[in-house]
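A.B. asks: Next up is a structure, given as structure tokens.
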Amino acid sequence: MNVEKKTNNKKQKRLIRIILAAAIPCLFILSALTSSYSDYSKAHSLLESKNYKEAIVQFENLGDYKDSVQMAAEANYLLGTQQLNSKLYKDAALTFKKIKDYRDSARMSKESTYIYALGLKSSKNYSESLNEFLSIRDYKDSEAQIKEVTNLKEYYEDSYQRPEIKSPSVGMTKQEVLDSTWGKPIDINKTTTKYGVSEQWVYKNYKYIYFEDGIVTTIQN
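In the UniProt record's numbering, the protein residues as written are 1 to 221.
Here it is as structure tokens:
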């Protein structure tokens, strides 16, 4: 009897170990499924409350659980739309570009870039505006915009680099006066003495510039 009892006890213990060995992985799987379902529900709640950035993170972390990949794309699309409506055009363009194969995201990315480029053009930031239009040159009238912005950029740079023409002032040389806003005189009266050379440059409207040894000493306007 004792031998039989011991044998039965061993069998029972072995059976318990087998059951536990099989149950533990099942518990892990069940726990993982429960956790994924909880995270999935949380991601949906974030999406419904328009917390799109957090929803994107949640859905992306879920991998291929249910339709998480598609929902992550939808959250990105809604985020891009929100940014576009908030006039965050650069951010919107990048968000839509991230999901360019989802719905009409490719077009929305170009539209956001187009509006952003027009804004840069209006604020005379021609270099950046040109770069943005070049990235979407096949969209709307971007080719025409590229030509216009290029011309504006060249004109602006030429005007900026052109030396400023100054008004005549005391201390200038003759050449500096000639290069000034007054330019060349209509007449010159020169007097030479043992002390040096004095000159009077005569301009229209009774304006005069006086030089002593080639340097402006007086301006009569």
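We treat Cβ as the ideally placed atom computed from N, Cα and C, and that holds for glycine.
Bear in mind that the values here come from a model prediction, so they are computed numbers and not experimental data.
(1) Taking D91 as part of the beta strand (DSSP E), name the residues at either end of that continuous run.
(2) By DSSP, does Y52 sit in helix, in strand, or in coil?
(3) Output the boundary residues of the beta strand (DSSP E) element that contains G80.
(4) Would you decide whether S109 is buried or exposed? Buried here means 16 or more other CB atoms lie within 10 Å of its CB.
(5) For Y52, does the count of other Cβ atoms within 10 angstroms reach 16, so buried, or fall short, so exposed?
(6) How many whole angstroms separate the CB atoms of V216 and S169, which I take to be in contact at a CB cut-off of 8 angstroms?
(7) Find the nearest neighbour of Y65 within the set K140, Y89, Y37, judged by alpha-carbon distance.
(8) Please return the same chain residues whose Cβ sits closer than 6 angstroms to the Cβ of N189, not counting the five positions on each side in sequence.
(9) I136 to R103, Cα distance in whole Å?
(10) Spell out the partners DSSP gives K207 in its beta bridges.
(11) Can you check whether the CB of Q145 is closer than 8 angstroms to the CB of residue 223?
(12) In the DSSP assignment, the beta strand (DSSP E) including T181 goes from what residue to what residue?
(13) Hey, L46 and A55 are a contact pair by Cβ (cut 8 angstroms); roughly how many whole angstroms apart?
(14) Taking all protein chains shown into account, do 16 or more other C-beta atoms lie within 10 angstroms of the C-beta of V177, making it buried, or fewer, making it exposed?
C.D. replies: Considering the structure as presented:
(1) From DSSP, D91 is part of no beta strand (DSSP E) but of the alpha helix (DSSP H) over 89-98.
(2) helix
(3) No beta strand (DSSP E) contains G80, which is instead part of the alpha helix (DSSP H) from 68-85.
(4) buried
(5) buried
(6) 7 angstroms
(7) Y37
(8) Q200
(9) 19 angstroms
(10) Y203
(11) Outside the displayed range of the chain (1 to 221) lies residue 223, so it cannot be described from this structure.
(12) Element bounds for T181: n/a, residue is neither H nor E.
(13) 4 angstroms
(14) buried
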